[in-house]
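S.K.:
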Amino acid sequence: MSDQPSEKPADVVVRLRATFDTGRTKPLAWRTGQLEALRTLLTERGDELAAALHADLGKSRAEAYRTEIDFTVREIDHTLEHLADWLRPQPAPVPERLSPAVAHTVQDPLGVVLVIAPWNYPLQLLLAPVVGALAAGNCVVAKPSELAPATSRAVAGLLPRYLDRDAVAVVEGAVAETTDLLAQRFDHIFYTGNGRVGRIVMRAAAENLTPVTLELGGKSPAFVDRGTDLGVVAARLASTKFMNAGQTCVAPDYVLTDPETARELEKALTEVLRTMYGDDPAASPDYGRIVNERHFDRLTGLLDSGRTVTGGTHDRADRYIAPTVLAEVAPDSPVMREEIFGPILPVVEVAGLDEAIAFIRDRDKPLALYVFTESDTTRERLTWETSSGGLTFGLPVAHLTVSDLPFGGVGESGMGSYHGRYSLDTFSHRKAVLDKPLN
Ligand code: NAD
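The sequence shown: position 316 = 316 (UniProt numbering), numbered continuously.
#1: With burial defined as no fewer than 16 other Cβ atoms inside 10 Å of the residue's Cβ, what is the status of Ser-145: buried or exposed?
#2: Please identify the residue among Phe-359, Val-335 and His-78 whose C-alpha is closest to the C-alpha of Arg-39.
#3: Going along the chain, which residues of its own chain have a beta-carbon closer than 6 Å to the beta-carbon of Val-371, five neighbours each way excluded?
#4: Return helix, strand or coil for Ala-282, following the three-state DSSP convention.
#5: If you count every other CB in all the chains shown that lies within 10 Å of the CB of Trp-119, and 16 or more means buried, which is it?
#6: To the nearest angstrom, how far is the alpha carbon of Ala-37 from that of Gln-124?
#7: Just how far apart, CA to CA, sit Pro-334 and Arg-24?
#8: Out of curiosity, what's the CA-to-CA distance linking Met-243 and Ala-103?
#9: Indicate the three-state DSSP secondary structure (helix, strand or coil) for Lys-143 in the structure shown.
#10: Could you compute how far the alpha carbon of Val-309 sits from the alpha carbon of Phe-296?
#11: Report yes if the C-beta distance between residue 452 and Ile-344 is below 8 Å; otherwise report no.
#12: Is Lys-8 near the ligand COA, in the sense that its beta carbon is under 7 Å from a heavy atom of that ligand?
#13: Whole beta strand (DSSP E) runs in the region 246 to 292 with 3 or more residues, listed along the chain?
#14: Counting only runs of 4+ residues fully inside the region 86 to 150, write out the alpha helix (DSSP H) ranges in chain order.
#15: List in chain order: all unbroken alpha helix (DSSP H) runs of 4+ residues lying wholly within the region 351 to 381.
#16: Measure the C-alpha to C-alpha separation of Ala-283 and Glu-266 and round it to an integer number of angstroms.
#17: What are the boundary residues of the alpha helix (DSSP H) that Asp-56 is part of?
#18: Between the alpha carbons of Thr-378 and Ala-238, how many angstroms are there, rounded?
#19: Does DSSP put Pro-343 in a helix, a strand or coil?
#20: Rounded to whole angstroms, what's the CA-CA distance from Ser-305 to Leu-326? Just pull it up for me.
#21: Can you tell me whether DSSP reads Pro-437 as helix, strand or coil?
#22: For His-419, does the three-state DSSP call read helix, strand or coil?
#23: Is the beta carbon of Thr-19 less than 8 Å from the beta carbon of Cys-139?
#24: In terms of residues, what are the limits of the beta strand (DSSP E) holding Thr-192?
#25: Among the residues of its own chain, which have a CB less than 8 Å from the CB of Asn-292, if the five just before and after it don't count?
#26: Between Glu-328, Ala-234, Ile-116 and Lys-436, which lies nearest to Met-202 when the distance is taken from Cα to Cα?
#27: Look at Gly-218 and Ser-387 and say whether their C-beta atoms are less than 8 Å apart.
#28: Report back the beta-carbon spacing between Pro-252 and Pro-366 to the nearest angstrom; my notes put them in contact at under 8 Å.
#29: When the Cα atoms are used, what is the spatial distance from Pro-331 to Thr-261?
#30: According to DSSP, Ala-222 sits in a beta bridge with which residue or residues?
#31: Excluding the 5 residues flanking Leu-214 on each side, which residues of the same chain have their C-beta closer than 6 Å to its C-beta?
#32: Excluding the 5 residues preceding and the 5 following His-82 in the sequence, name in chain order all residues of the same chain whose CB lies nearer than 6 Å to its CB.
#33: Rank Arg-298, Ser-417 and Thr-275 by C-alpha distance to the C-alpha of Gly-132 and give the top, closest one.
#34: Quick one: Cα of Arg-363 to Cα of Pro-406, how far?
#35: Return the residue from the list His-188, Ala-167 and Tyr-162 that minimises the CA-CA distance to Ser-423.
#36: Taking C-beta to C-beta, are Lys-436 and Ala-92 nearer than 8 Å?
Right, here's the structure in full:
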């Protein structure tokens, strides 16, 4: 909305609804045109966006492209490749007693939808849902996070230049502006962030019976079984935990393993971190910073929760916290009482699989569960005896890069899902159509 900064949220919604009512957003050609325009924006303005991500989070250019810009481009390409197919009406068999008749379903756009994004992947988590909303033929209000101000400004400046500005609007701002937006009637609200605000969003949505998707967080555990190759495990844990300085909703939050494996894993993690970021991670161009001082203070307050294996140093002026591994962490220590969302990896010891399963089941359902094992029994048991948004064996975070898998949480980690055709389902209504001849 940067081109019309004085426009109130209510007026934005009225303007977008008028566009939707013309039917302009429904044809496949409009949808693919918008997706192609968004792709052009990302490729033409990638460096500008990467610079904004660096200003907000110290993200390296490579990480900005990999986890935000190219990620979104891949989501667009996947959608462009399959959209016509996904939109084809799905025939349904009709029972004999209604014969002759035919039945099918169509994917009806919802109308005007609201996408509210957080600061940690401020571009990807705003635009990937927008891709789904446009593919489904909706008008969209996109609300970036005020805690990533450079990215918010860049998106607000660029989107109206590339997309249909009567169908897509960016509303910048913090709590006051979001509260104003939530007072409007939307046809769907897609919120990514923490559960406290998730509840505020759901309460506001209930006023209008607006459906919501809540992409929330929580503590995603990583179970490391006995007898796994700990060099590989450490490398995969470290690369996914310390990416974006640990500020990733699906980052492995903590490790569960037996005491013997824990000792070996500590050594392997120390070695891997030295290879990844050198002896002084503060000087590594690949290592990010904490988003703000509030989160910095919260995180440094968690550092005393166990024996420091590696890391532990920090610098408030630079919002730097070294990649840190904590060992012999008690289940009730401060670092285990909240989602860490930073570069601290606690290792919690359990006697074995039974205790690990009990530990996971005793807590909120996580957004993801990661498992390193060579045992089929362990795989089976963790698959069927625990509940989580996603479950990944061997490589944390990877499931969310597969466009054909739904991405979302369960219970306290959220409701609903998106990516690929699941985004289309989220942002449209599957309408039942029955046609019985009059004679
Ligand atoms: P945030 O502080 O940027 O908040 C998210 C959005 O909510 C922002 O746009 C903000 O303006 C809005 N907001 C904040 N307070 C509000 C209020 N009182 N009323 C209305 N709107 C309000 O981000 P955050 O919540 O700190 O993000 C981190 C959390 O998000 C973590 O828990 C993380 O796990 C989760 N997360 C989940 C996913 C996922 O895909 N499931 C992805 C990233 C982050």
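Glycine included, every Cβ here is placed at the ideal spot set by N, Cα and C.
M.R.: Inspection of the coordinates gives the following:
#1: buried
#2: His-78
#3: Phe-223, Leu-382 and Phe-393
#4: helix
#5: buried
#6: 16 Å
#7: 53 Å
#8: 49 Å
#9: strand
#10: 20 Å
#11: The structure shown does not extend to residue 452, since the chain is modelled only from 1 to 439, so the question has no answer here.
#12: Looking for the ligand COA in the displayed structure turns up nothing; the ligands present are the ligand NAD.
#13: 254 to 257
#14: 124 to 135
#15: 353 to 361
#16: 23 Å
#17: 46 to 57
#18: 23 Å
#19: coil
#20: 7 Å
#21: coil
#22: coil
#23: yes
#24: 188 to 192
#25: Leu-147 and Arg-319
#26: Ile-116
#27: no
#28: Between Pro-366 and Pro-252 the Cβ distance is about 10 Å, and since that is not below 8 Å, they are no contact.
#29: 18 Å
#30: Val-255 and Tyr-370
#31: Tyr-191, Gly-198, Gly-414 and Met-415
#32: none
#33: Ser-417
#34: 23 Å
#35: His-188
#36: no
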